[in-house]
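I have placed the structure first, in the form of structure tokens, so that the comments after it can refer back to it.
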Ligand code: PLP
């Protein structure tokens, strides 16, 4: 089997499992307890926070551990918008892009439904990029927050985050970015990016599912979503997930030291794969930005097929991939991301996403491109959809 669905999730790395194991077994204390076992857990949590902060170029106090990317996005969008509105009731709009992950999009819709916010959706160009002009046109004096992702999970397009963040901040508007897919592949220095908040998720990086973090620049207003014992400096109550935090910090540190070195190689392998698929499958189209895209994502539409049928044919041939995002898998609706890029619903239904982990090889991708040619051919021969 060749696993080409790393954007959905990744296996836990051995080093990560070894780093977290003590906190699942002998050193199992509650970091809030005032005894030696608790102190040991608290020290591990503090070390994980410091390592995460180093990877994000921020201060440890600016890291909030969460249960993953979804919670980090919810906390950023709802937490910052609601806290800003509490300080100034005129702040009742949020700006998002047309290609956000549902964790951001649905958080914005919640603000609209339950708190009377207006949601301004910035369109993208045919490559999936938000231009500075488009963002500038969406900003208003009432905008409480801008949330635009760093790299897209379906087509891999990378946004000019530093430029967009500077634009928002010049008007005093906090800027959040969902860096769940970017982490491990692109620089995450929050100071250089100039963002006020940034979300990451462990399971995309070789940590287990259920751990993530939100960077929040100090003094950014933030209303907590989870209330209770006041952990995470009151920003996220709940007994600290020590093993999860250790896993996230270890995976992030490893990704930044080794995976980033692989980015150029993986990008070259991705380009070779794209060339082979385009040469072998007449009518195939690459979706997303041809240049500014994650090294790890190659996404296509295969007109005259159905993406789901191609996936099944690929799986029969030992290739595991997906028709778009894992959260939308199985949905009959065409991907809103692909529609936002200007593709028709018919073509959007033919999407297939291949996503790679850092260990991917040229031989695997060569085998995969041959399988794609055969799979698309057999779906077309059956007269699908
Ligand atoms: N944001 C993006 C861009 C993602 O790709 C994902 C997961 O697929 C998430 C957020 C949600 O992260 P998690 O699975 O950790 O909740």
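Residue numbers (the numbering used here): 163 to 547. Where is the CB? At the ideal position from N, CA and C, for every residue including glycine.
What did DSSP end up calling residue 256 once you bin it into helix, strand or coil?
Correct three-state label for residue 256: strand.
So what's residue 468 in DSSP terms, helix, strand or just coil?
Note: residue 468 maps to coil in three-state DSSP.
With a 10 Å radius around its C-beta and 16 neighbouring C-beta atoms as the bar for buried, classify residue 250 as buried or exposed.
The residue in question, residue 250, is exposed, as its Cβ has fewer than 16 Cβ neighbours within 10 Å.
Would you tell me roughly how many angstroms separate the C-alpha atoms of residue 181 and residue 367, rounded to the nearest one?
Distance between the alpha carbons of residue 181 and residue 367 is about 15 Å.
Measuring from the CB of residue 321, is there a heavy atom of the ligand PLP at a distance below 7 Å?
Not so, every heavy atom of the ligand PLP lies at least 7 Å from the Cβ.
Check whether the Cβ atoms of residue 270 and residue 312 lie closer than 8 Å to each other.
No, the pair does not count as a contact, with Cβ atoms beyond the cut-off.
Go ahead and label residue 456 buried or exposed: buried means 16 or more other beta carbons lie within 10 angstroms of its beta carbon, across all protein chains shown.
Buried, by the Cβ-count rule.
Three or more C-beta pairs under 8 Å: does that hold for the stretch 281-300 against the stretch 254-266?
They touch, by the three-pair rule.
How would you write the range of the alpha helix (DSSP H) that residue 540 sits in, first residue to last?
Residue 540 -> alpha helix (DSSP H) spans 524-543.
Give the secondary structure of residue 455 by DSSP, where H, G and I count as helix, E and B as strand, and everything else as coil.
Looking at residue 455 - three-state DSSP - the assignment turns out to be strand.
With a cut-off of 8 Å on the beta carbons, I'd call residue 440 and residue 217 a contact; round off their distance for me.
Their Cβ separation, rounded to whole angstroms, is 36 Å, which puts residue 440 and residue 217 out of contact at 8 Å.
For residue 375, write down the residues that DSSP places opposite it in a beta bridge.
DSSP output for residue 375 lists 227 and 362 as bridge partner(s).
Could you pull out every residue in the same chain whose Cβ sits closer than 6 Å to the Cβ of residue 237, ignoring the five residues on either side in sequence?
If we look at residue 237 and ignore the five residues flanking it on each side, its Cβ neighbours are 376 and 387.
Closer than 7 Å by C-beta to residue 202: which residues in its own chain qualify, once you throw out the five before and the five after it? Chain order, please.
The answer, listed in chain order, is 189 and 191.
Compare the beta carbon distance of residue 538 and residue 443 with 8 Å and say whether it is the shorter of the two.
For residue 538 and residue 443, yes; Cβs fall inside 8 Å.
Taking residue 469 and residue 507 to be in contact with their CB atoms under 8 Å, please state how far apart those CB atoms are, rounded to whole angstroms.
Their Cβ separation, rounded to whole angstroms, is 12 Å, which puts residue 469 and residue 507 out of contact at 8 Å.
Use the C-beta contact count for residue 545: other C-beta atoms within 10 angstroms, 16 or more gives buried, fewer gives exposed.
Under this definition residue 545 is an exposed residue.
Please determine whether the Cβ atom of residue 315 lies at a distance below 7 Å from any heavy atom of the ligand PLP.
Residue 315 Cβ: within cutoff of the ligand PLP.
Taking 8 Å as the limit between beta carbons, can you name the residues of its chain near residue 345, skipping five residues before and five after?
Excluding positions up to five away in sequence, the list reads 362, 363, 366, 367, 414 and 417.
For residue 547 and residue 467, I'd like the C-alpha separation in whole angstroms.
Unreliable placement is indicated for residue 547, whose pLDDT of 49 sits below 50; the coordinate value is still reported in the next sentence. Those two C-alpha atoms are separated by around 6 Å.
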